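**Q** Next up is a structure, given as structure tokens.
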Amino acid sequence: MLQKIKKETAVDKVAKQLRSLIESGEYKPGDKLPSERALCEMMAVSRIAVREAIRDLVAKNLLEVRAGNGTYVKSVTASDFMDPLMIKLINGYTVRDLIEFRDMIEVSCCRLAVQRATQDDLDSLWQILKSMKEQLKEHNDYFAADLEFHSRIAKASGNNILVLVLNRVGDIIREVIRETSQGPGATKRAYQLHYDIYDNLVHRDENGIVLAMKKHLEWVKIDLLNYHHTVK
Numbered sequence: 247m248l249q250k251i252k253k254e255t256a257v258d259k260v261a262k263q264l265r266s267l268i269e270s271g272e273y274k275p276g277d278k279l280p281s282e283r284a285l286c287e288m289m290a291v292s293r294i295a296v297r298e299a300i301r302d303l304v305a306k307n308l309l310e311v312r313a314g315n316g317t318y319v320k321s322v323t324a325s326d327f328m329d330p331l332m333i334k335l336i337n338g339y340t341v342r343d344l345i346e347f348r349d350m351i352e353v354s355c356c357r358l359a360v361q362r363a364t365q366d367d368l369d370s371l372w373q374i375l376k377s378m379k380e381q382l383k384e385h386n387d388y389f390a391a392d393l394e395f396h397s398r399i400a401k402a403s404g405n406n407i408l409v410l411v412l413n414r415v416g417d418i419i420r421e422v423i424r425e426t427s428q429g430p431g432a433t434k435r436a437y438q439l440h441y442d443i444y445d446n447l448v449h450r451d452e453n454g455i456v457l458a459m460k461k462h463l464e465w466v467k468i469d470l471l472n473y474h475h476t477v478k
């Protein structure tokens, strides 16, 4: 049965190009990648797209970020390219599975972020929101900014395991963002829902941010079900 061809985002293209350079041996284990700024200029993409692509390859054990020292190619084995957990999740998850997982993880991130978010976290989230608003008409970069918003909320939780778990399913969440952004007005609504999450975080309103995140996830479920019904 013929299906719609999935559009490739800027993040996907950057990640694919970097991965190809690693697999071809142009970037060898231990090599340092060019800076984010240099990669942006070389590939003519936004910094958010580069950052998310790097995060994606870090989650796949292809790259490592050394604090204050840049991004390096890791020593990898064949198993690093085929993470059994990721394969199982990508091939077998349902909409209910995904929403229950995100509710469990991201609501916890929100609760902790209310208590632990620093001013730097709030400033970063505000910049991401500004980028999301600017990219409402350019979905490729909007997807990257949307995912970065959720990653930053996780970071603001101060719990490294929550950050790791969320990053490990970044591919799934990125695909969900793409699918749920197809309907008319979907990205504008999503932007407002993200703003509500941010606003409650700024005001340290735990009940408010939990309700805002749950409302966002409810819309994700609705949009996902509509999308899959449309493409069938």
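When we follow the numbering used here, the leftmost residue of the sequence shown carries the number 247, and every step to the right adds one. The beta carbon of each residue, even a glycine, is placed where N, CA and C say it ideally should be. This structure is a prediction, so every number in the text was calculated from the model and none was measured.
1. Assuming residue 317 is part of the alpha helix (DSSP H), what are its boundary residues?
2. Do you know how far the Cα of residue 271 is from the Cα of residue 313?
3. Can the beta-carbon of residue 257 be found closer than 8 Å to that of residue 310?
4. For the beta strand (DSSP E) containing residue 312, name the first residue and the last one.
5. Measuring CB atoms only, is the region 354-361 touching the region 394-404, in the sense that at least three cross pairs come out at less than 8 Å?
6. Along the chain, where does the alpha helix (DSSP H) that runs through residue 269 open and close?
7. Please look up how many angstroms separate the CB atoms of residue 413 and residue 301, rounded, as I've assumed it's under 8 Å.
8. With distances taken between CB atoms, is the gap from residue 392 to residue 432 smaller than 8 Å?
9. Who are the Cβ neighbours of residue 371 in its own chain at under 6 Å, not counting the five residues just before and after it?
10. Is residue 316 near the ligand MN, judged by its Cβ being under 7 Å from some heavy atom?
11. Identify which residue in 288, 296 and 267 has its Cα closest to the Cα of residue 319.
**A** The answer reads as follows:
1. Here residue 317 belongs to no alpha helix (DSSP H); instead the beta strand (DSSP E) covers 316-319.
2. 24 Å
3. no
4. 309-312
5. Touching, yes, given that three or more Cβ pairs across the two stretches are closer than 8 Å.
6. 256-270
7. 6 Å
8. no
9. 398 and 444
10. The ligand MN is absent from the structure shown, which contains no ligands of any kind.
11. 267
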